[in-house]
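full-length UniProt numbering applies: residue 1 is where the sequence shown begins, and numbers increase by one. Cβ coordinates follow ideal geometry from the N, Cα and C atoms, glycine included. Model, not experiment: these values are computed from the prediction. Working notes, structure below.
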Amino acid sequence: MSEKAAPRPTPDTQPFFDAAARGELSLPKCRDCGELFFYPRSWCPRCSSADLEWTPCSGRARLHSYLINTRPAPGFEDETPYSIAVVELEEGPRMMTNIVGVPQTPEHLVLDMELEVVFDKHGEVAVPKFMPAGGAR
1 MSEKAAPRPT PDTQPFFDAA ARGELSLPKC RDCGELFFYP RSWCPRCSSA
51 DLEWTPCSGR ARLHSYLINT RPAPGFEDET PYSIAVVELE EGPRMMTNIV
101 GVPQTPEHLV LDMELEVVFD KHGEVAVPKF MPAGGAR
């Protein structure tokens, strides 16, 4: 079995992963236009400003879209099937993630279902994932 792949933080993403290590979901927000966005980068995708601040988020989201992957990636052989999902955060941005804590079937992965963030360790890095609000169903 292979070792599970872990993200490698960059200068732009380090604050995101630092917050995740503390059990917080935090995203960059533009001080000029107010845009909160994901994925972390050094400029605002709306107005191109580089005047950004890191903003804590609620960790609440809704399931926007997903697919169920049944082919294991290296290091994930014991975790199939698993969902690859897009969630819409309560604050507005959408992010790609995984849904955990629920059977990986269309009957249990209901679009618009309420979700909450949890954090999964991948090596030294904590990765935000989402589960049904209130726990597994």
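- Under the rule that a run must span 3 or more residues, the beta strand (DSSP E) segments found entirely inside the UniProt domain "ChsH2 rubredoxin-like zinc ribbon" (17 to 53) read 26 to 30.
- Cysteine 30 and aspartate 51 do touch by the CB rule: their CB atoms are close to 7 Å apart, below 8 Å.
- Within a 10 Å sphere around the beta-carbon of cysteine 47 sit fewer than 16 other beta-carbons, which makes this residue exposed.
- If you draw a straight line from the Cα of glutamate 35 to the Cα of glutamate 114, it comes to about 23 Å.
- For phenylalanine 119, the enclosing beta strand (DSSP E) begins and ends at 114 to 122.
- Under the three-state reduction of DSSP, proline 128 is assigned to strand.
- Distance check between threonine 97 and each of Arg8, Trp54 and Asp120 places Asp120 closest, using alpha-carbon atoms only.
- Taking the Cα positions, isoleucine 99 is about 28 Å away from serine 42.
- The Cβ atoms of valine 102 and glycine 59 lie no closer than 7 Å to each other.
- When secondary structure is reduced to three states using DSSP, proline 106 falls in the coil class, being assigned neither helix nor strand.
- DSSP places proline 7 in the coil class of the three-state scheme, outside both helix and strand.
- Shown here, glutamate 79 sits in a helix according to DSSP, grouped into three states.
- Where leucine 111 is concerned, there is no enclosing beta strand (DSSP E), because DSSP gives it neither an H nor an E.
- Under the DSSP assignment, threonine 70 falls outside any beta strand (DSSP E); it carries neither an H nor an E label.
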